[in-house]
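*Asks:* Residue numbers (our numbering), protein chains in the order written: chain C, 2 to 526; chain D, 8 to 86. Ideal Cβ placement from N, Cα and C applies to all residues, glycine included. Got a structure for you, questions after.
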Amino acid sequence: MAAVTPDHLHDHHHGPSGLMRWITTTNHKDIGTMYLLFSFIMFLSGGVMALTIRAELFQPGLQVVEPEFFNQLTTMHGLVMVFGAIMPAFVGFANWMLPLMIGASDMAFARMNNWSFWLLPVAAVMLIGSFFVPGGATAAGWTLYPPLSVQMGMGMDLAIFAVHIMGISSIMGAINIVVTILNMRAPGMTLMKMPLFCWTWLITAYLLIAVMPVLAGAVTMILTDRHFGTSFFNAAGGGDPVLFQHIFWFFGHPEVYIMILPAFGIVSQIIPTFARKPLFGYASMVYATASIAVLSFVVWAHHMFATGMPAQGQLFFMYATMLIAVPTGVKVFNWIATMWRGSMTFETPMLWSVGFIFVFTLGGFTGLICAIAPVDIQLHDTYYVVAHFHYVLVAGSLFALFAGAYYWLPKWTGHMPNETIGKLHFWCSMVFFNITFFPMHFLGLAGMPRRIPDYALQFADFNALATVGAFGFGLSQLIFIVVVVKCVRGGEKAAARSWEDADGLEWTVPSPAPHHTFEVAPVFK
Amino acid sequence: MKQPQLDETPDEGVDKGGKAGFFATMKAVLWAFAGIRKRSDYGKDARSLDPRAVVVAGLLGGIIFVLTLVVVVGLVVGS
Chain C
2 MAAVTPDHLH DHHHGPSGLM RWITTTNHKD IGTMYLLFSF IMFLSGGVMA LTIRAELFQP
62 GLQVVEPEFF NQLTTMHGLV MVFGAIMPAF VGFANWMLPL MIGASDMAFA RMNNWSFWLL
122 PVAAVMLIGS FFVPGGATAA GWTLYPPLSV QMGMGMDLAI FAVHIMGISS IMGAINIVVT
182 ILNMRAPGMT LMKMPLFCWT WLITAYLLIA VMPVLAGAVT MILTDRHFGT SFFNAAGGGD
242 PVLFQHIFWF FGHPEVYIMI LPAFGIVSQI IPTFARKPLF GYASMVYATA SIAVLSFVVW
302 AHHMFATGMP AQGQLFFMYA TMLIAVPTGV KVFNWIATMW RGSMTFETPM LWSVGFIFVF
362 TLGGFTGLIC AIAPVDIQLH DTYYVVAHFH YVLVAGSLFA LFAGAYYWLP KWTGHMPNET
422 IGKLHFWCSM VFFNITFFPM HFLGLAGMPR RIPDYALQFA DFNALATVGA FGFGLSQLIF
482 IVVVVKCVRG GEKAAARSWE DADGLEWTVP SPAPHHTFEV APVFK
Chain D
8 MKQPQLDETP DEGVDKGGKA GFFATMKAVL WAFAGIRKRS DYGKDARSLD PRAVVVAGLL
68 GGIIFVLTLV VVVGLVVGS
């Protein structure tokens, strides 16, 4: 399907070396690498917070941390994982792969790309550093609901500014991605011939541009409520705390899709390769992605059923939410239809992708259950919700990220990842993930509230089990470090087309991809 | 609304200049809401749809979607 004209492939780097290379780089591959490293460091940081939370919850009573610190941990775990780990990881993939997939020499705004990245460590330092200021980090929950967020100490201000900075970074990254995809595709690559990963990122980028300013507005109003005498969210001053929830979730629900659509894209690249069949229903995949994106703007209040709203409102948001299952179901159907009667092999990326479909779909179904307003009133703020969104974000986004990492590691490093260790990583993650989060469904159904450091005795067994699973899951992620280090240092040489049936322009350049690729645009047929 | 057709790929709503009409655009967008589209229809869409028209049609489709749900909700609550 794809052909490439002779290209000037430069494997060398011009300009400063050492640390300055990374600080001043405008190369999409360097910046992609930095995004991926950054997000993995944040993933480990958020993971340590999660394990501290689980250690505290291993037994009823307070053993490990103070309740105030526990609340800081739950809040920061969410913020770090969402804004520091998952989102930058997908931007890292976009930086590395989009230009290679569409035959562009780099991202459209290469210097802005550098700035987009380097804002992130600054935000991360502010966010993590807030643990060490008087009063500690924000403990209002990652959703930053007032009145708590109006009452917190200066850790809250640091979080607000960190969110601002990460938001600016995301918007710049998104603009870069839109412009790159729309203007820099190789001759012959029409939009409808674009790899699905590019499509999902194009739509995600539009979502980012639409909703990150909304979040910035919401946290700015909190900031002015805190310091400048406004009362947007203060009932005593004529404001309304529920207003914040509406604004936040108008950002927050599209944000959910920002974190999952690129995952859909990655999986849609991998499954055809290892099923040795073209993606079933490419067109419907594109349409379903666009549909999910549009619908994501009209379902936000399903996060707020418990705030009390008229029956009409509850029914509207309930129906709209349940209808999102249609395009999502189309996607799952298409992945399965792609595998149907395919010559399947289960290399590590495929294992992660199949695992993604299985476990993400479970998370989707529990989402449907939460969408039913009368059920949600019961489940709101329980561990059922915690189970649901971890099934979507860990088994969804994270599993797809690992799938993508194993799939493109040969292109990044020039060596094939070790299959045995990679599969060990997958199976350990899969088993421990379910040990950790499946019992949380039962805990939620039994009424255990989320965000509490202590709980009633009847929840003890499932909590102990979840903690064991969480430590297993956390330690399993260290296996990934082993795979990556081994892959960088050596191993089986990767061919340009590293996987037998891989399709796309990225597989026409050598592995590892030279520093400069597609300086002469390839012709795509 | 029947409009002139492309020579090799006949499709209603597509004229010889390759620009899709209002109904063809709306039809594509409404199929998108279900997330389903035949590959051949999709190919024609990609050749003939004006991206700006698709964005407008998408917003219009979103409004229709919301209003439909409001009507359904009204019927359910009223009954």
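Leaving out five residues before and five after residue 44(C) in sequence, what residues of the same chain have Cβ atoms less than 6 Å from its Cβ?
*Replies:* Once the five neighbours on either side are set aside, the close Cβ partners of residue 44(C) are 86.
*Asks:* Measuring alpha carbon to alpha carbon, tell me which of 455(C), 450(C), 456(C), 411(C) ends up nearest residue 487(C).
*Replies:* The shortest C-alpha separation from residue 487(C) is found at 411(C).
*Asks:* In chain order, which continuous runs of the alpha helix (DSSP H) of length 4 or greater are located wholly inside the stretch 273–323 of chain C?
*Replies:* As far as the stretch 273–323 of chain C is concerned, its whole alpha helix (DSSP H) runs of at least 4 residues are 283–296.
*Asks:* Would you kindly work out how many angstroms separate the C-alpha atoms of residue 450(C) and residue 382(C), rounded to a whole number?
*Replies:* Residue 450(C) and residue 382(C): Cα-Cα distance of roughly 6 Å.
*Asks:* Drop a sphere of 10 angstroms on the beta-carbon of residue 89(C), count the other beta-carbons inside from all chains shown, and report buried for 16 or more, exposed for fewer.
*Replies:* So residue 89(C) counts as buried.
*Asks:* Listing by chain order, which chain D residues have their CB less than 9 Å from the CB of residue 328(C)?
*Replies:* Simply 39, 40, 41, 42, 43.
*Asks:* Using 8 Å as the cut-off, can you tell me whether the stretch 335–343 of chain C makes contact with the stretch 380–395 of chain C, which would need three or more C-beta pairs spanning the two stretches below that distance?
*Replies:* Verdict: no, contact absent.
*Asks:* Any idea which residues DSSP pairs residue 494(C) with across the strands?
*Replies:* Answer is 416(C), bridged to residue 494(C).
*Asks:* List the residues of chain C that residue 46(D) touches, going by C-beta distances under 9 Å, in chain order.
*Replies:* Neighbours of residue 46(D) on chain C, chain order: 282, 283, 284, 285.
*Asks:* Buried or exposed for residue 228(C), please, with buried defined as at least 16 other CB atoms from any protein chain shown within 10 angstroms of its CB.
*Replies:* So residue 228(C) ends up on the exposed side.
*Asks:* Along the chain, which unbroken stretches of the alpha helix (DSSP H) at least 4 residues long are found entirely within the stretch 176–255 of chain C?
*Replies:* The qualifying runs are 197–228.
*Asks:* May I ask which residues mark the beginning and end of the alpha helix (DSSP H) holding residue 524(C)?
*Replies:* Segment: none, residue 524(C) is in no alpha helix (DSSP H) and carries neither H nor E.
*Asks:* Under 7 Å Cβ-Cβ, which residues of chain C neighbour residue 67(D)?
*Replies:* Result: empty, since nearest Cβ-Cβ is about 11 Å, beyond 7 Å.
*Asks:* Assign residue 83(D) to buried or exposed, taking buried as 16 or more other Cβ atoms, counted over all protein chains shown, within 10 Å of its Cβ.
*Replies:* Exposed.
*Asks:* Start and end of the alpha helix (DSSP H) containing residue 351(C)?
*Replies:* 349–372 is the extent of the alpha helix (DSSP H) around residue 351(C).
*Asks:* Classify residue 24(C) as buried or exposed, calling it buried when 16 or more other Cβ atoms lie within 10 Å of its own Cβ.
*Replies:* Classification of residue 24(C): exposed, given that the 10 Å Cβ count is below 16.
*Asks:* Answer with yes or no whether the minimum CB distance from residue 88(C) to chain D is below 8 Å.
*Replies:* Cβ-Cβ to chain D under 8 Å: no for residue 88(C).
*Asks:* Can at least three beta-carbon pairs, one atom from the stretch 397–410 of chain C and one from the stretch 453–469 of chain C, be found at a separation below 8 Å?
*Replies:* In short, these stretches do not touch, since the Cβ pair count stays below three.
*Asks:* Mark residue 18(C) as exposed unless 16 or more other C-beta atoms lie within 10 angstroms of its C-beta, in which case mark it buried.
*Replies:* Exposed: under 16 other Cβ atoms inside 10 Å.
*Asks:* Give the single residue among 326(C), 307(C), 135(C), 105(C) whose Cα lies nearest to the Cα of residue 293(C).
*Replies:* The shortest Cα separation from residue 293(C) among 326(C), 307(C), 135(C), 105(C) belongs to 326(C).
*Asks:* Count the other CB atoms, across all protein chains shown, that sit within 10 Å of the CB of residue 9(D); report buried if there are 16 or more and exposed otherwise.
*Replies:* Below a pLDDT of 50, predicted positions are generally treated as unreliable, and residue 9(D), at 35, falls in that range; no measurement from the model is reported.
*Asks:* According to DSSP, is residue 513(C) part of a helix, a strand, or is it coil?
*Replies:* Coil, per DSSP.
*Asks:* What are the residues in the stretch 182–194 of chain C lying within 7 Å of chain D by C-beta distance?
*Replies:* Cβ contacts with chain D: 191, 192, 193.
*Asks:* Below 8 Å on C-beta distance, what does residue 246(C) contact in chain D?
*Replies:* Per Cβ cutoff of 8 Å: no residues; residue 246(C) is ~20 Å from chain D at best.
*Asks:* What did DSSP end up calling residue 411(C) once you bin it into helix, strand or coil?
*Replies:* In this structure, residue 411(C) counts as helix in the three-state DSSP scheme.
*Asks:* Could one say the Cβ of residue 369(C) lies closer than 8 Å to chain D's Cβ atoms, at least one of them?
*Replies:* Answer no: the Cβ-Cβ gap between residue 369(C) and chain D never drops below 8 Å.
*Asks:* Nearest CA to the CA of residue 209(C): which residue from 297(C), 135(C), 446(C), 42(C)?
*Replies:* Nearest of 297(C), 135(C), 446(C), 42(C) to residue 209(C), Cα basis: 297(C).
*Asks:* Do you know offhand how far residue 515(C)'s Cα is from residue 69(D)'s?
*Replies:* Each residue's Cα considered, the two are about 44 Å apart.
*Asks:* Any beta carbon from chain C within less than 8 Å of residue 53(D)'s own beta carbon?
*Replies:* Residue 53(D) counts as touching chain C.
*Asks:* Candidates 353(C), 414(C), 271(C), 204(C): which alpha carbon is nearest residue 428(C)'s?
*Replies:* Comparing Cα-Cα distances from residue 428(C) to each of 353(C), 414(C), 271(C), 204(C), the minimum goes to 353(C).
*Asks:* Given a threshold of 16 other Cβ atoms within 10 Å of its Cβ, counted over all protein chains shown, does residue 62(C) qualify as buried or as exposed?
*Replies:* When all chains shown are included, residue 62(C) counts as exposed.
*Asks:* Return helix, strand or coil for residue 375(C), following the three-state DSSP convention.
*Replies:* It is helical.
*Asks:* Of all the residues that make up the stretch 301–324 of chain C, which are near chain D by a beta-carbon distance shorter than 7 Å?
*Replies:* Under the 7 Å Cβ criterion, the stretch 301–324 of chain C contributes 312, 313, 316, 317, 320, 321.
*Asks:* Mind reading off the beta-carbon distance from residue 139(C) to residue 502(C)? Whole number of angstroms is fine, and I expect it under 8 Å.
*Replies:* Actually they are not in contact, since the Cβ atoms of residue 139(C) and residue 502(C) sit about 48 Å apart, beyond 8 Å.
*Asks:* For a cutoff of 8 Å on Cβ pairs, would you count residue 292(C) as touching chain D?
*Replies:* Yes - at least one Cβ of chain D is within 8 Å of the one on residue 292(C).
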